[in-house]
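Chemist:
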Amino acid sequence: MSRLVVVSNRVILPSERVQRAGGLAVAIREALSSSGGLWFGWSGELTETPEPRCQTATKGKMEFAVFDLTPAEFDGFYNQFANSTLWPLFHYRIGLVKFSRSALETYFAVNARFAEMLIPHLKPDDTIWIHDYQLLPMAGELRKRGVTNKIGFFLHIPLPGVDTLAVLPGLGPLMRGLAAADLIGFQTERDLQSFKDYVRQEAGGTISGNGAITCFDRTIEAGAFPIGIDTRAFATLAARALDKPECQQLKEGLGSRKLMISIDRLDYSKGIPSRFEACEELLRAHPEHRGQFELVQIASPSRTDVASYRDLRREIDRLSGRINGAFSEIHWTPIRYINRTYPRQSLAGFCRMAAVGVVTPLRDGMNMVAKEYIAAQDPDDPGVLVLSRFAGAAAELGSALIVNPFDVDQCADAMHRALVMPLDERQARWRTAMDTITRNDVKAWWTSFTTRLRAGQTRAAA
Ligand code: F6P
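0 is the number of the first residue of the sequence shown in numbering that gives the first Met the number 0; add one for each residue after it.
1. Sort out for me which residues DSSP pairs W471 with in a bridge.
2. Given a threshold of 16 other Cβ atoms within 10 Å of its Cβ, counted over all protein chains shown, does V25 qualify as buried or as exposed?
3. For W444, collect the residues of the same chain with a Cβ closer than 8 Å to its Cβ; drop the 5 residues on either side in sequence, then sort them by chain order.
4. Curious, which full-length beta strand (DSSP E) runs of at least 3 residues does the stretch 8 to 74 contain?
5. Confirm, please, whether the CB-CB distance from S301 to D266 is below 9 Å.
6. Quick one: what's got a C-beta closer than 7 Å to Y91's C-beta in the same chain, skipping five residues either side?
7. Can you tell me which of I329, G391, P381 puts its alpha carbon nearest to the alpha carbon of V358?
8. Can you find at least 3 beta carbon pairs, one from the stretch 399 to 408 and one from the stretch 272 to 290, that sit closer than 8 Å?
9. Between G320 and the ligand F6P, is the CB less than 8 Å from at least one heavy atom?
10. Is the separation between the beta-carbon of T57 and that of R231 shorter than 9 Å?
11. So, for N148: in the same chain, excluding its five sequence neighbours on each side, which residues have a beta-carbon less than 6 Å away from its beta-carbon?
12. Tell me whether S242 sits in a helix, a strand or coil according to DSSP, three-state version.
13. Tell me whether D380 is buried or exposed, calling it buried when 16 or more other Cβ atoms sit within 10 Å of its Cβ.
14. Taking K149 as part of the beta strand (DSSP E), name the residues at either end of that continuous run.
15. Beta strand (DSSP E) containing V419: first to last residue?
16. Around the Cβ of T205, are there at least 16 other Cβ atoms within 10 angstroms (buried) or fewer (exposed)?
17. What separation, rounded to the nearest whole angstrom, lies between the Cα atoms of S352 and L282?
18. Using a Cβ distance threshold of 8 Å, determine whether the stretch 297 to 317 contacts the stretch 78 to 91, with at least three qualifying pairs required.
19. Which whole-angstrom value is the C-beta distance of S7 and H130, which I expect to be below 8 Å?
20. Answer with buried or exposed for L422, where buried requires no fewer than 16 other C-beta atoms within 10 angstroms of its C-beta.
21. How would you call A71, buried or exposed, if buried means at least 16 neighbouring beta carbons within 10 angstroms?
22. Between the alpha carbons of L3 and K122, how many angstroms are there, rounded?
23. I'd like the ranges of any alpha helix (DSSP H) spanning at least 4 consecutive residues and lying wholly in the stretch 165 to 196.
24. If I follow the unbroken alpha helix (DSSP H) through F113, where does it start and stop?
25. Under DSSP, the alpha helix (DSSP H) around Q296 begins and ends at which residues?
26. When DSSP labels each residue in this structure, what does Y336 get in the three-state scheme?
27. I believe P136 touches P172 by the beta-carbon criterion, under 8 Å. Please report the beta-carbon distance rounded to the nearest angstrom.
28. The alpha helix (DSSP H) with L265 in it runs from where to where?
29. Mapping DSSP to helix, strand and coil, what is H130?
30. Does Y77 come out as helix, strand or coil in the three-state DSSP assignment?
31. May I ask whether a heavy atom of the ligand F6P can be found less than 8 Å away from the beta carbon of R100?
32. State the Cα-Cα distance for the pair I329 and R321, rounded to the nearest angstrom.
33. What separation, rounded to the nearest whole angstrom, lies between the Cα atoms of I334 and Q296?
34. Hey, out of G364, C410, F66, F63, whose CA is closest to F389's CA?
35. I need the boundaries of the beta strand (DSSP E) containing S345, first residue and last residue.
36. How should I337 be labelled, buried or exposed, when 16 other C-beta atoms within 10 angstroms of its C-beta is the threshold for buried?
Okay, here's the thing in structure tokens:
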């Protein structure tokens, strides 16, 4: 079988510990460590004069090749175009979109540099799989430089509807670069539909009865491939985490109180302020829960150079202070808001200890924490997942308590229901969800995408 070359902005090098809540890089590492292949991307380092060649490493069946960005590249590509233009737009936050032509140019230039740095590492029969919105036009940059290998692309975040997409200046060249891939994968059928709508309504393309998509002078394929986690491994990690010091400390702090857990990057797409407001409403509408639970919100700092992320942090600081000020007792604080990153095993343990997992993003491509929360549960006494209908995970986890995160009262009701739900109902809901994520695990995601990519026919449009 041809070697797989995975390209993503972030790469977890063999020397690094994984300290993040869910995420794309964790999924790639889990899958690539068993299938083998090359993982190529940004080193995570900035230098004024980057080396012309990649740094390389090997671990087991995995090879790594990474390169540095300059501070100017990082700012235009990552802070500005990826995270101040594409990210808010693709999460339906048009009001937060900032656009500059120079950032768009830097974004394309960095995608071109990704292509140039990768080419010396490519073998003729390699299969290339590019990941996420930071690298939308990279396939086009590879084709411009004569690369004829099979190329797949997977979008980890939502693809918004065509009216929202059309807001983006430079959309045409971006999508032309994307359509240079042979197979484009999305998290959900809804995202796939957005792509098809774009092809028909904006790109003047066509979609044939067998699903082949013709646009930008090529015929390509697209599909929904919901990403999974390594369910069994996470369940084991969680069960073994309980005697770790951080879990013990949390247990002692809680006493007999129930734990509600939320774990996110500190990002406005995650719906943290409305979640806190829902907790406040729960305390107001159901005083019987006062002193009986704690909401532990772990929010790891993210994209701190971007103004909207700094604004969010201030908003959450203020809100948690206000709610805690109003409801705390001398021996109890309703919201424990922790602005730091924890080791993956501690997070797994926190999930296992939690009677309720609150995963209420305003919009999310998938949300792996929802799946990790389910995987971490004790089958004899599982907790309840409260899940936003706007997380990609909701398409698979219908047995969770599904909420509209914009409806604070509904979220408060769901929290109440979760806190008082009888054991047999908790077990039935959890079993359905666990069966789904065991079937649709990270290996199934990986295999279904790469099998379809390798089997597909690359065609120039007739
Ligand atoms: O899944 C979305 C995503 O942006 C990934 O591409 C990325 O690895 C992760 O979230 C964390 O974001 P960042 O790389 O900006 O820290």
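Don't be surprised by glycine CBs; every beta carbon is placed ideally from N, CA and C.
Modeler: Short version:
1. Residue 471 lies beyond the range of the chain shown here (0 to 461); nothing can be said about it.
2. A residue is called buried once 16 or more other Cβ atoms fall within 10 Å of its Cβ, and V25 is buried on that count.
3. Counting only Cβ-Cβ distances below 8 Å, and skipping sequence neighbours, we find A26, A30, F224, P225, I226, G227.
4. Every beta strand (DSSP E) stretch that sits fully inside the stretch 8 to 74 and reaches 3 residues is listed by chain position as 36 to 45, 54 to 58, 61 to 68.
5. Remark: C-beta atoms of D266 and S301 approach each other more closely than 9 Å.
6. Cβ contact annotation for Y91 (same chain, cutoff 7 Å, sequence separation greater than five): P159, T163, R362, in chain order.
7. Measuring from the Cα of V358, the nearest candidate turns out to be G391.
8. Under the 8 Å Cβ criterion, the stretch 399 to 408 counts as touching the stretch 272 to 290, having at least three qualifying pairs.
9. G320 Cβ: outside cutoff for every heavy atom of the ligand F6P.
10. Against a cut-off of 9 Å, the Cβ pair of R231 and T57 comes out as no contact.
11. So the list reads D125, I127, once near-sequence residues are dropped.
12. The question names Ser, but residue 242 is Asp in the sequence shown. It is coil, neither helix nor strand.
13. Exposed is the call here.
14. Run containing K149: 149 to 153, per the beta strand (DSSP E) assignment.
15. Looking at the DSSP string, V419 is not in any beta strand (DSSP E); the run it does join, the alpha helix (DSSP H), is 407 to 419.
16. With fewer than 16 other Cβ atoms within 10 Å, it is exposed.
17. The question names Ser, but residue 352 is Met in the sequence shown. C-alpha separation (whole angstroms): 21 Å.
18. They touch, by the three-pair rule.
19. Taking C-beta atoms under 8 Å as the contact rule, S7 and H130 qualify, at a distance of about 4 Å.
20. So L422 ends up on the exposed side.
21. Here A71 is exposed, its C-beta having fewer than 16 other C-beta atoms within 10 Å.
22. L3 and K122 have their alpha carbons spaced roughly 10 Å apart.
23. Correct list: 170 to 177.
24. Its alpha helix (DSSP H) spans residues 100 to 117.
25. For Q296, no alpha helix (DSSP H) segment is defined; the enclosing uninterrupted segment is the beta strand (DSSP E) at 292 to 299.
26. In the structure shown, Y336 sits in a strand (DSSP, three-state: E or B).
27. Contact holds; Cβ gap of about 7 Å.
28. No alpha helix (DSSP H) holds L265; DSSP gives it neither H nor E.
29. The answer is strand: DSSP assigns H130 an E or B state.
30. The three-state reading of DSSP puts Y77 in helix, counting H, G and I together.
31. Distances from the CB of R100 to the heavy atoms of the ligand F6P are all 8 Å or more.
32. Going from the Cα of I329 to the Cα of R321 covers about 16 Å.
33. Cα-Cα distance, rounded: 7 Å.
34. Ranked by how close their Cα comes to the Cα of F389, the residues G364, C410, F66, F63 have G364 in first place.
35. Per DSSP, S345 lies in no beta strand (DSSP E) segment; the continuous alpha helix (DSSP H) that holds it begins and ends at 343 to 352.
36. Flag for I337 reads exposed.
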